[in-house]
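*Asks:* Take the sequence shown: its letters are residues 225 to 458, numbered as in this note's numbering.
Below: one structure in structure tokens.
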Amino acid sequence: MTSPAAPTPAPTQDELKAQVGRAALDYVVKGEIVGVGTGSTVNKFIDALAGMKDEIRGAVSSSVASTDRLRALGIEVFDANEIEELAVYIDGADEIDGRGYMIKGGGAALTREKIVAAQSRRFVCIADSSKLVNTLGAFPLPVEVIPMAVRRVIRQFARLGGIAQVREKDGLPLVTDNGQHIVDVTGLRITDPLGFETEVNQWAGVVTVGVFGRQRASVCLLGTSSGVRTLRFG
Ligand code: 5RP
């Protein structure tokens, strides 16, 4: 008599990230330079990209952390200013909605991420299924701010009903790769990502708001327990 096979355990979040990191290789254009984001999901992509490093010219990176990882794996990293346009930018998200709008910046790299996304023809978002939302705003919205404007920006968010806090690291305000601070804002429901991004971007002292409206995703590879789901946005 044989005993029934044990049920396959559901993939962990880490496995889902690795799955979409590998799937993103299909979007890398051979012979070209690829835009690379930041975060734990992108780290899986970078590790997978190492397997095809001889088929690409190199990468433009959105953070010191990603640059270090790419170089350690033997992938050449170019300055964004050296490259006019990239075919594709691959990055994670903290939230993505059904139109490809995202909240990003959980890893404090939002400004450079927006720059590399802006110079790319296509943004391929890689995320596990927990990141898909109906309306942006449950994840605390990161905003990169010039230090002398932090209190003022916090007061401006309070007028919109948001509660903003300076992000800390080791008990001190976190300093980004660009030498600025991050405020994380809770209590917002962002129903008009493009309008919201435009408004907050105009506040004095705001470097970048973590709503990716203009730089929204073209495609999202979503890691689910039944495999990679591809969402395409018009
Ligand atoms: C970094 C980001 C990341 O893409 C975002 O925080 C998702 O990270 P992870 O893949 O670790 O969940 O915007 O600034």
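Backbone N, C-alpha and C define an ideal beta-carbon position, used for all residues, glycine too.
(1) Tell me whether P417 sits in a helix, a strand or coil according to DSSP, three-state version.
(2) Would you give the residue range spanned by the alpha helix (DSSP H) that E368 belongs to?
(3) Whose CB is closer than 5 Å to a heavy atom of the ligand 5RP? List the residues in chain order.
(4) Can you look up R323 in the DSSP assignment and give me helix, strand or coil?
(5) Hey, would you say V312 sits closer than 8 Å to Y251, going by beta carbons?
(6) Could you say if the stretch 290-308 and the stretch 318-329 meet the contact criterion of at least three C-beta pairs nearer than 8 Å?
(7) Just to confirm the assignment, what range does the alpha helix (DSSP H) spanning S264 have?
(8) Three-state secondary structure (DSSP) at D278?
(9) In or out: G263 buried (at least 16 other Cβ within 10 Å) or exposed?
(10) Determine the burial state of S286: buried for a count of at least 16 other Cβ atoms within 10 Å of its Cβ, exposed for fewer.
(11) Find the nearest neighbour of D315 within the set A351, M276, S449 and I280, judged by alpha-carbon distance.
(12) Can you give me the Cβ contacts of V369 inside the same chain, cut-off strictly under 8 Å, excluding the 5 residues immediately before and after it?
(13) Is the stretch 243-261 touching the stretch 270-279, taking contact as three or more C-beta pairs under 8 Å?
(14) How would you write the range of the beta strand (DSSP E) that Y334 sits in, first residue to last?
(15) Could you compute how far the alpha carbon of I193 sits from the alpha carbon of L240?
(16) Which stretch, first to last residue, makes up the alpha helix (DSSP H) that contains Q237?
(17) Tell me whether D318 is buried or exposed, calling it buried when 16 or more other Cβ atoms sit within 10 Å of its Cβ.
(18) Any contact of the stretch 392-403 with the stretch 349-365, i.e. 3+ C-beta pairs under 8 Å?
(19) Have a look at the DSSP bridge pairing and note the partners of G316.
(20) Specify, as a first and last residue, the run of the alpha helix (DSSP H) that Q380 falls within.
*Replies:* Taking the coordinates as given:
(1) Looking up residue 417 in the sequence shown gives position 193. Helix.
(2) For this step, residue 368 is matched to residue 144 along the sequence shown. Where E368 is concerned, there is no enclosing alpha helix (DSSP H), although the beta strand (DSSP E) it sits in stretches over L365 to V369.
(3) T262, G263, S264, T265, G316, D318, K328, G329, G330, G331 and A333
(4) Sequence index remark: in the sequence shown, residue 323 carries index 99 (1-based). Reduced to three states, the DSSP call for R323 is coil.
(5) To locate residue 312, count along the sequence shown from 1; it is residue 88. To locate residue 251, count along the sequence shown from 1; it is residue 27. Result yes, Cβ atoms of V312 and Y251 sit closer than 8 Å.
(6) no
(7) Here residue 264 is taken as the residue at index 40 of the sequence shown, counted from 1. Here the alpha helix (DSSP H) through S264 covers S264 to L273.
(8) Here the question's residue 278 lines up with position 54 in the sequence shown. Of the three classes helix, strand and coil, the one that applies to D278 here is helix, per DSSP.
(9) Taking the first residue of the sequence shown as 1, we reach residue 263 at position 39. With a threshold of 16 other beta carbon atoms within 10 Å, G263 meets it and is buried.
(10) Stepping through the sequence shown from its first residue, residue 286 is reached at position 62. When all chains shown are included, S286 counts as buried.
(11) Working through the sequence shown from its first residue, we reach residue 315 at position 91. Taking only the C-alpha atoms, the option nearest D315 is A351.
(12) Counted from its first residue, the sequence shown places residue 369 at position 145. Hits under 8 Å: V377, Q404, H405, I406, V407, G429, V430 and V431.
(13) yes
(14) As a working note, residue 334 is residue 110 in the sequence shown. Reading off the sequence, residue 334 comes out as Leu, not Tyr. Looking at the DSSP string, L334 is not in any beta strand (DSSP E); the run it does join, the alpha helix (DSSP H), is L334 to A342.
(15) Beyond the ends of the chain as shown, which are 225 and 458, falls residue 193; an answer cannot be given.
(16) One-based indexing of the sequence shown puts residue 237 at position 13. Looking at the DSSP string, the run of the alpha helix (DSSP H) that includes Q237 is Q237 to A247.
(17) Reading the sequence shown from its first residue, position 94 is the one you call residue 318. Its Cβ being crowded by 16 or more others within 10 Å, D318 is buried.
(18) Contact fails: fewer than three Cβ-Cβ distances are below 8 Å.
(19) As a working note, residue 316 is residue 92 in the sequence shown. Paired residue(s): none; G316 is not in a bridge.
(20) Mapped onto the sequence shown, residue 380 falls at position 156. Unbroken alpha helix (DSSP H) run through Q380: V374 to R383.
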